[in-house]
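Counting with the numbering used here, you get residues 647 to 1079 for the letters of the first sequence.
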Amino acid sequence: MKIITRFAPSPTGNVHIGNIRVAIYNWLFAKHNHGNFLLRIEDTDKDRSTDDAINNLFTTLQWLNLNYDEEPLYQSKQESKHVEVAEYLLSKGCAYKENKDNKGECIIFKMPNDDISFNDGIKGRLKKPIGDIDDFVLVRSNGKPVFHLANVVDDIEQKITHIIRGDDHIENTYKHIALYRALNADIPSFSHLPMIVNSQGKPFSKRDGDAYVSDFKKRGYLPQAFVNYLVLLGWSPGNDQEIMSIDEMINMFTIERCQSSPAQFDEKKMKWMNGEYLSKISNESFNKEAFKIITSLHSSASENLVKKVIALIRDRVKVFEDIEKLVNYFFVDNIEYDEKLIAKKIKKEGIKELFNYFTLEISKIDSIDEVSLKKIIDDYIKETGKSYGEVMIPLRIAVSGASGGPDLIGVLSTLGKPTIIERINDVKQKYLD
RNA sequence: GACCCCUUCGUCUAGUGGCCUAGGACUCCAGGUUUUCAUCCUGGCAACACGGGUUCGAGUCCCGUAGGGGUCGCCA
């Protein structure tokens, strides 16, 4: 039997990390079993479904390289089929018509007089006694089919063998199984994934603006890193391996190894993982992306300068969004100084002399290259007996405003003589006179 | 409220009755390397929710308690 899974989102907003993780697991499961992964767009709620959301869905799947087999099925196009099935159920005596709450006549499914149980791939045996689940609406009084009907009919039509979805669907599963039985269809295997929770341990809702896949894309996460992190949120291969290729994931992925308890999303770890992936991409692709970011931020910057800066920051970027802060002082005229830092490292004995010496020496040389820069600093150390830290930290703060950053000699030679002198003089004037 | 689900370091997890003095990773801290910063290396802190059983032996099985979560729509 060919294994078929599906991702069946309703396009009512941007794709959320919780949804996409479900998609990833379905995809991985299908690939692992040499099956098919189908996409079905459940757009029956016309009030809430939007084209933007559908586009966002396609963009997201494409970005993450989650390719699906066959053409996507739009549920709204299945409407007449769904109603037909409801009529069939009616004729079979499995459903009845009723005017509930005076809203007009709707078709209601009659829950059978049986206990219903199923073996969930993740939660184990789950059961409900007779009478625990109420009859439910199949077709609204306006003639539109309801989720349960549409979902089951389409799953049957698409021959879905394994349904992997969020555990908020557990209660629905009993209804769905009753429907499968009434329709005499093979019941697929169900697996219910726990949810992803936010840093407060609370469920991520679609309203959590910071959990959209598209936001992580915008901020410069790499798709492979994003998938790798997400796949580990609620699943593990059983050994200590964390960084893994898509092929390795496919090889190792099984439902049995999925966690049955909720997982907390931890951006620090995702960022670390992104850094691991980023350190492995080619200079060429890193430079291309970094160049794009910097030039869009500082449009008047010279190409040459941008390139130098990129080389300087290359290995301290964990996510592309880091670049903005990392490079700012290379491109703006006025940099800001942190008062605390100034008080701690600049307003001290000997700093003024250091600055005087440095600006004087630097003004004497023509070309400001790394060798001469290093010599100036070395000479000063020899003369005064100070440590490198005592010399380099104040200089760094004066020219960049920060206590940390790329190699100082590199920073200085990239900044250039006029800027260095100007910034040091500014600091002197502001804080040391 | 009813029904259901979940519970190992702060976080993600390994663990399927003896290999657990509970392992790995992220974070954090300390030391080393880097004459600055970052990287890197080494080390450290840190958990079986609680209470009862079952068993020669329990993180692992059973029951209960507590806490967290889900579902109870003519939404999906």
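C-beta atoms are modelled at their ideal positions from N, C-alpha and C, and glycine is treated no differently.
All figures in this text were calculated on a predicted structure; none of them were measured in a lab.
With DSSP as the reference, label residue i as helix, strand or coil.
i	result
Lys743	strand
Phe899	coil
Ile1014	coil
Leu1078	helix
Ser931	helix
Thr706	helix
Asp893	helix
Gly812	strand
Glu688	coil
Pro1064	helix
Val973	helix
Leu879	coil
Ala831	coil
Phe588	In the structure as shown, the chain begins at 647 and stops at 1079. Residue 588 is therefore absent and cannot be evaluated.
Tyr720	strand
Pro849	strand
Could you check the C-alpha separation between residue i and residue j for me, to the nearest Å?
i	j	result
Ala824	Gly884	36 Å
Ala957	Gly866	18 Å
Lys821	Ala871	38 Å
Asp715	Gly681	9 Å
Leu735	Lys863	46 Å
Val1037	Val973	22 Å
Leu951	Thr1060	7 Å
Tyr975	Ser891	37 Å
Lys756	Phe850	34 Å
Lys986	Ile1014	31 Å
Gly880	Arg694	30 Å
Glu999	Leu1078	10 Å
Lys978	Ser945	Rather than Lys, the amino acid found at residue 978 in this sequence is Val. In a straight line, the C-alpha of Val978 is about 11 Å away from that of Ser945.
Ser931	Ile959	15 Å
Ile1066	Asp813	59 Å
Gly664	Ile670	10 Å
Asp1024	Glu982	28 Å
Asp689	Asp761	32 Å
Excluding the 5 residues flanking residue i on each side, which residues of the same chain have their C-beta closer than 6 Å to its C-beta?
i	result
Ile666	Val859
Ala933	It should be pointed out that residue 933 corresponds to Asn in this sequence rather than to Ala. Taken in chain order, the residues that qualify are Ile956.
Ile1070	Phe1001, Thr1005, Ala1044
Identify, in the order they occur along the chain, each residue of the same chain with its Cβ nearer than 7 Å to the Cβ of residue i, setting aside the five sequence neighbours on each side.
i	result
Met898	Pro883
Leu943	Glu970
Ser787	Lys749, Gly750, Glu751, Cys752
For residue i, which residues in the same chain have their Cβ closer than 8 Å to its Cβ, ignoring the five residues on either side in sequence?
i	result
Leu703	Pro655, Pro657, Val661, Ile687
Arg652	Asn672, Phe683, Leu684, Leu685, Arg686, Asp801, Gln804, Ile806, Ile809
Glu1016	Ile1055, Gly1056, Ser1059
Ile927	Leu868
Lys1020	Ile1055
Ile896	Leu674, Lys677, His678
Val785	His728, Val729, Ala732, Cys752, Ile753, Pro791, Val792, Leu795
Going by DSSP, which residues form a beta bridge with residue i?
i	result
Asn713	Partner(s): none; Asn713 has no beta bridge.
Thr651	Phe683
Asn701	Bridge partners of Asn701: none, in fact.
Asp766	Gly770
Phe755	Ala741, Phe782
Lys842	Per the sequence shown, residue 842 should be read as Ile rather than Lys. According to DSSP, Ile842 bridges with Ala909.
Tyr858	His662
Ser837	Ile810
Is the stretch 989-997 touching the stretch 955-969 in the sense that three or more CB pairs, one from each, lie closer than 8 Å?
-> Contact between the stretch 955-969 and the stretch 989-997 is absent, because fewer than three Cβ pairs lie under 8 Å.
Would the stretch 839-852 and the stretch 894-912 be scored as touching if the rule is three or more Cβ pairs under 8 Å?
-> Verdict: yes, contact present.
Stretch pair the stretch 995-1005 + the stretch 1039-1059: three plus CB contacts closer than 8 Å | Contact between the stretch 995-1005 and the stretch 1039-1059 is present, because at least three Cβ pairs lie under 8 Å.
Pairing CB atoms from the stretch 768-778 with CB atoms from the stretch 698-705, are three or more of them under 8 Å?
-> Verdict: no, contact absent.
Could you tell me whether the stretch 874-883 touches the stretch 799-811, where touching means 3 or more Cβ pairs closer than 8 Å?
-> In short, these stretches do not touch, since the Cβ pair count stays below three.
Spell out a yes or no on whether the stretch 901-908 and the stretch 937-946 are touching, meaning 3 or more CB-CB pairs, one atom from each, closer than 8 Å.
-> Judged by Cβ distances under 8 Å, the stretch 901-908 makes no contact with the stretch 937-946, as fewer than three pairs qualify.
Determine, using beta-carbon pairs with one atom in the stretch 781-801 and one in the stretch 723-734, whether at least three such pairs fall under 8 Å.
-> Contact between the stretch 781-801 and the stretch 723-734 is present: three or more C-beta pairs spanning the two stretches fall below 8 Å.
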